[in-house]
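*Asks:* Take a look at this one; I'll ask things after.
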Amino acid sequence: MAAVNSIKPRKQSPVAQKAIEHYIGLSQSLNAKTQNQMLSAKRLDAQKKLQALGLPMRRDEDWQYTSLNHWMQTAFEQNLPGWGKVNPDQLKAILPIFGTHRFVWIDGVFSQDLSCDSASLPSGLTVESAEITNADLVDSNHAFELLHDMLAENRTKIRVQKNVAIEKPVELVYIQTQPKSLATLSLDVQVEENAQLTLIQQVVSFADEPVCINGVLQMELAAQAICKQYVVQDLNTNDFYFNNQHVHQQASSVFDTLYVGLGAEVSRHQNTVNLCGEYADASQNTIAFGKGEQTIDSRTDTQHLAPHCNSQQLHKFVLDEQSRGVFNGMIYVAKGAQKTDGQMDNKNLLLSNNAKMDTKPQLEIYADDVKCSHGCASGQIDENQVFYCQARGIHQHDAVQLITKAFLLEPLDNVSNEAIRDWLMQRVSKLLA
62 MAAVNSIKPR KQSPVAQKAI EHYIGLSQSL NAKTQNQMLS AKRLDAQKKL QALGLPMRRD
122 EDWQYTSLNH WMQTAFEQNL PGWGKVNPDQ LKAILPIFGT HRFVWIDGVF SQDLSCDSAS
182 LPSGLTVESA EITNADLVDS NHAFELLHDM LAENRTKIRV QKNVAIEKPV ELVYIQTQPK
242 SLATLSLDVQ VEENAQLTLI QQVVSFADEP VCINGVLQME LAAQAICKQY VVQDLNTNDF
302 YFNNQHVHQQ ASSVFDTLYV GLGAEVSRHQ NTVNLCGEYA DASQNTIAFG KGEQTIDSRT
362 DTQHLAPHCN SQQLHKFVLD EQSRGVFNGM IYVAKGAQKT DGQMDNKNLL LSNNAKMDTK
422 PQLEIYADDV KCSHGCASGQ IDENQVFYCQ ARGIHQHDAV QLITKAFLLE PLDNVSNEAI
482 RDWLMQRVSK LLA
């Protein structure tokens, strides 16, 4: 990363500068309490970088279609301890009924009462939460990763030991109840050689005012390791969600991830997947549903760095009313990464004349023996399909719902666990009712 002194400061709007100063102030308050001088130094470095680089603007190519104006105008505060109370009925509505190793955080505080007993975890699996250290920080030049480095206090670490297959999913549930609060989520996952993990992550808000979730995940998959991940973002439509995932895969490892984006006023979920060892395989899929004035932004950066690797992607958006969808996907094939197979598809259904979809699939290839392709398509419901349903006695409204549901839920076909597939189907179907 570029040294702070070598970064040319960017001019920011008064609103953006005020937001930067606010979050630097929060970070300085954290530094005043820490005893770890190396952590303090790294936080200070992140503060200086953010001050120099500024916040993303619409003139930045990667943020051209995703506005942060409302986010900048809301001064989110760190979670206050001892605030959160959750109604059991609220919790019941979001939790799966099948068995999981569940861990729950309310306003950033781990809830032992709502979580499983760590002592009951199977041999070979550890899930720990500890104070963040300087070694845990991302050291990035991206604004929301800088905010993570400035404001993260705790980090959750999941380890699966060599040759261990964890039968039940590990479920992480993050709940916000404090109005205008900021939750900084930091997660580290390591799946050792020939081990297997299924990971479910949920973020929800029961607050009556906007909240902001800013997360960073770092995952290492050793040779022949398998991780299946399901991220469900079901925040309120006035909330904000930013999540950056960095995955490194070694030889013959498998990473299968599905992002389900249902809520938030502005959400941005990004995967950066590095296929570092031969025969590694990555599958990245999106289910996104927008309404009102939501902006749902899903991005992938897939780096094929070794020969004989495969990657598959299917990203599906349904957009209603004045909502906006954004997809940007990059498949990069390094020189020498021969026999690469990289496939990426983005399909979008617009239910309103006022809904918008901005899509940008990209290929960058430096090897000559590869099979790579990308595609995208956006459109409205085919009236012939609606007529076909009506001719068989299905009401027009029900026909539209049926067609929309079938379109949006296609990525679930790749979910091999029937219980997880049914649960996700129910979560998404509720919004389409």
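Taking the working numbering, the leading residue of the sequence shown gets 62, the next gets one more, and so forth.
Idealized CB from N, CA, C, for every residue including glycine.
1. In chain order, which alpha helix (DSSP H) runs of at least 4 residues are fully inside the stretch 145-193?
2. Please return the same chain residues whose Cβ sits closer than 8 Å to the Cβ of A284, not counting the five positions on each side in sequence.
3. Spatial neighbours of S490 within its chain, please: CB distance less than 7 Å, with the 5 preceding and 5 following residues excluded, ordered by chain position.
4. For V277 and D197, what's the separation of their Cα atoms in angstroms?
5. Whole angstroms are fine: how far does the CA of V394 sit from the CA of W124?
6. If you run the structure through DSSP and keep just helix, strand and coil, what is F267?
7. Taking the alpha carbon of R27 as the point to measure from, which residue in K400, W132, I193 has its own alpha carbon closest?
8. Since A102 is in the alpha helix (DSSP H), which residue starts that stretch and which ends it?
9. Can you name the start and end residues of the beta strand (DSSP E) that E425 belongs to?
10. Is D97 near N215, with beta carbons less than 8 Å apart?
11. Taking C-alpha atoms, which residue in I287, E281, H458, K241 lies nearest to T259?
12. If we ignore side chains and look at the alpha-carbon of each, how far apart do V379 and V476 end up?
13. Under 7 Å Cβ to Cβ from K223, same chain only, skipping five residues before and after it: list those, please.
14. Determine the closest residue to L141 out of Q237, H456, A325, Q78, with distance taken between C-alpha atoms.
15. Here's the rule I'm using: 16 or more other beta-carbon atoms within 10 Å means buried, otherwise exposed. How should R385 be labelled?
16. If you count every other CB in all the chains shown that lies within 10 Å of the CB of A416, and 16 or more means buried, which is it?
17. Roughly how many whole angstroms lie between the Cα atoms of S172 and K289?
18. M405: which of K432, D419, I219, D295 sits nearest, CA to CA?
19. Just to confirm the assignment: which complete alpha helix (DSSP H) runs, minimum length 4, are found wholly within the stretch 195-251?
20. With distances taken from CA atoms, which of A460, A102, Y291 is nearest V447?
21. Take the Cβ of G397 as the centre, count every other Cβ of all protein chains shown within 10 Å, and call the residue buried at 16 or more, exposed below.
22. Over the uninterrupted beta strand (DSSP E) stretch that includes R482, give me the two end residues.
23. Does the beta-carbon of E206 have 16 or more other beta-carbons within 10 angstroms, so that it is buried, or is it exposed?
24. Note down, in chain order, each residue of its chain lying with its Cβ closer than 6 Å to the Cβ of V231, except the 5 sequence neighbours on either side.
25. Check F303 in the structure and name its three-state DSSP category.
26. Provide the residue span of the alpha helix (DSSP H) that contains Q78, from first to last.
27. Assuming Q355 and E326 form a contact by the criterion Cβ under 8 Å, report the distance between their Cβ atoms to the nearest whole angstrom.
28. Taking only the alpha-carbon atoms, compute the straight-line gap between A77 and E270 and give it to the nearest angstrom.
29. Looking at H203 and A136, is the spacing between their C-beta atoms short of 8 Å?
30. Could you tell me the distance, in whole angstroms, from the CA atom of E189 to the CA atom of V264?
31. Would you list the residues sitting across from H376 in a DSSP beta bridge?
32. Taking the alpha carbon of G440 as the point to measure from, which residue in L411, R453, Y427, Q457 has its own alpha carbon closest?
33. Check for me: the beta strand (DSSP E) holding A438 runs from which residue to which?
34. Given a cut-off of 8 Å on the beta-carbon distance, is the pair Q462 and L424 in contact?
35. Rounded to whole angstroms, what is the Cα-Cα separation between V147 and G353?
36. Can you give me the Cβ contacts of Q399 inside the same chain, cut-off strictly under 8 Å, excluding the 5 residues immediately before and after it?
*Replies:* Quick look at the numbers:
1. 149-155
2. E254, N255, Q311, A312, S313, S314, G338
3. K466
4. 10 Å
5. 24 Å
6. coil
7. Since the first residue shown for the chain is 62 and the last is 494, residue 27 is missing from the structure and cannot be characterised.
8. 98-114
9. 417-426
10. Note that residue 97 is Asn in the sequence shown here, rather than Asp. Contact: no.
11. I287
12. 20 Å
13. E253, E254, N255, A256
14. Q237
15. buried
16. buried
17. 25 Å
18. K432
19. 204-212
20. A460
21. exposed
22. Looking at the DSSP string, R482 is not in any beta strand (DSSP E); the run it does join, the alpha helix (DSSP H), is 479-493.
23. buried
24. H162, L260
25. strand
26. 75-94
27. 6 Å
28. 21 Å
29. no
30. 19 Å
31. T347, N407
32. L411
33. 432-440
34. no
35. 27 Å
36. P368, H369, A428, D429, D430, V431
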